[in-house]
Ligand code: F6P
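Residue numbers (the numbering used here): 1 to 365.
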């Protein structure tokens with residue numbers, strides 16, 4: 001299916017460790033095995049709408065395996081179907097999908113490879129419905145994409161968050177404090193659950209299990225009574241109390257997903273300190289979780305996913321996202337991926353395992 005011997009790659013949504021490793025895998029396989037030309041679209045769908053791209057030479061994609069971020073740049077605002085345009089002080093949204101599709105035609109490629117999260121896959125699915133040959137590759141630290149068991153970037157984020165938790169143990173133990181660690185993840189608790197278990201968090205609060213502040217404080221007091229004069233609480237940014245709501249940090253008006261969560265760690269911290277009387281501090285891991293080199297696991301996954309994407313192009317299997325299923329690779333239809341987000345099931349075996357070792361989710365006494 002490499003008739004034109006030319007493919008284009010774009011990266012959309014938030015950056016995350018492993019994107020460059022995927023770009024490298026796709027481009028090297030396409031160049032080395034098919035003699036294909038590879039074009040990099042700049043800043044995600046923004047570059048597709050505005051016609052900004054550049055040819056990638058072999059040397060551009062060599063030496064980037066371990067590099068954080070994306071050499072192509074990205075945007076989480078530019079949706080061609082709802083493109084933000086400033087009209088004076090107002091923001092207006094216009095359908096510029098025809099322009100984007102015309103640009104794909106101008107590019108004259110076998111396939112447009114879209115590396116991104118749910119927003120990017122949603123747009124890829126729409127472009128495919130409109131006739132663009134697309135293959136998607138799942139990227140997000142949040143691990144919340146439907147149609148795949150995991151995404152590259154997640155392992156790196158969990159590793160960084162776990163290191164943060166490990167380091168915070170020192171102050172928690174020395175000063176007999178409660179240390180709260182707020183981690184990212186949007187509406188999914190994957191990062192909090194995995195880093196919380198890996199870092200031995202005493203309490204883990206995730207969006208999928210609304211918590212009770214009194215139960216959280218009681219757990220801290222109980223630990224104190226039993227001689228554990230510190231506690232580590234890992235809070236997902238999307239966590240919320242029973243009957244309450246999430247804490248919104250900011251609204252990014254031109255974004256495809258305007259709500260930015262954050263701040264719940266401070267709310268939980270204040271409540272614990274008030275009820276338990278134990279000094280409590282909050283640390284927000286923030287974008288540290290998205291930066292720097294990918295873990296070995298993510299480098300391997302990125303290489304597998306990137307090269308598998310080229311295999312889909314070889315077969316003409318467009319409209320799919322390459323995916324992880326069990327121990328192997330698979331593919332999912334983009335329209336199925338675009339249907340929603342994959343959150344943690346409260347029946348997830350890792351939750352049961354964490355409860356078995358005494359971890360509280362703030363929901364049961
Ligand atoms: O989707 C990745 C992510 O890092 C989320 O975990 C977080 O909620 C969001 O992006 C932050 O977005 P921004 O970089 O726009 O603040």
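Ideal placement from N, C-alpha and C gives every residue a C-beta, glycine not left out.
Quick caveat: nothing in here was measured; it's all calculated off a predicted structure.
What do you reckon, is the C-beta of residue 289 under 8 angstroms from a heavy atom of the ligand F6P?
-> The beta carbon of residue 289 sits closer than 8 angstroms to at least one heavy atom of the ligand F6P.
Residue 292 in three-state terms, based on DSSP | coil
For the ligand F6P, is there a heavy atom less than 8 angstroms away from the beta-carbon of residue 13?
-> Checking every heavy atom of the ligand F6P against the Cβ of residue 13, one is found closer than 8 angstroms.
C-alpha distance - residue 275 paired with residue 214, whole-angstrom precision | Residue 275 and residue 214: Cα-Cα distance of roughly 8 angstroms.
Going by other Cβ atoms of all chains shown within 10 Å of its Cβ, with 16 needed for buried, is residue 289 buried or exposed?
-> By the C-beta density criterion, residue 289 is buried, having at least 16 other C-beta atoms within 10 angstroms.
Across which residues does DSSP place residue 79 in a beta bridge pair?
-> Residue 79 is bridged to 82.
Is residue 16 helix, strand or coil by DSSP?
-> coil
Runs of beta strand (DSSP E) lying entirely within the stretch 86-149, each at least 3 residues, in chain order | 90-94, 111-116, 134-138
Residue 200 versus residue 81 - alpha carbon distance = Residue 200 and residue 81 have their alpha carbons spaced roughly 44 angstroms apart.
Check residue 8 in the structure and name its three-state DSSP category.
-> strand
Report yes if the C-beta of residue 327 is less than 8 angstroms from at least one heavy atom of the ligand F6P; otherwise report no.
-> no
Cβ of residue 73 within 9 angstroms of Cβ of residue 162?
-> no
Give the DSSP bridge partners of residue 179, in chain order.
-> 232, 281
Closer than 8 angstroms: is that where the CB of residue 16 sits relative to any heavy atom of the ligand F6P?
-> Residue 16: yes, Cβ under 8 angstroms from the ligand F6P.
When DSSP labels each residue in this structure, what does residue 328 get in the three-state scheme?
-> strand
Residue 324: buried (16+ other C-beta within 10 angstroms of its C-beta) or exposed?
-> Residue 324 counts as buried, since no fewer than 16 other beta carbons sit within 10 angstroms of its beta carbon.
First and last residue of the alpha helix (DSSP H) that includes residue 274?
-> 264-276
Roughly how many angstroms lie between the CA atoms of residue 349 and residue 41, to the nearest whole one?
-> 41 angstroms
Residue 1 to residue 171 span [Cα, whole Å] = 58 angstroms
Any heavy atom of the ligand F6P closer than 8 angstroms to the CB of residue 67?
-> Residue 67 has its CB no nearer than 8 angstroms to any heavy atom of the ligand F6P.
Quick one: residues in its chain with C-beta nearer than 7 angstroms to the C-beta of residue 150, no 5 flanking neighbours on either side, listed in chain order?
-> 143, 324
May I ask you to check if the CB of residue 343 is nearer than 8 angstroms to at least one heavy atom of the ligand F6P?
-> no
Does DSSP put residue 368 in a helix, a strand or coil?
-> The structure shown does not extend to residue 368, since the chain is modelled only from 1 through 365, so no value can be given for it.
Would you say residue 248 touches the ligand F6P, meaning its beta carbon is less than 8 angstroms from a heavy atom?
-> no
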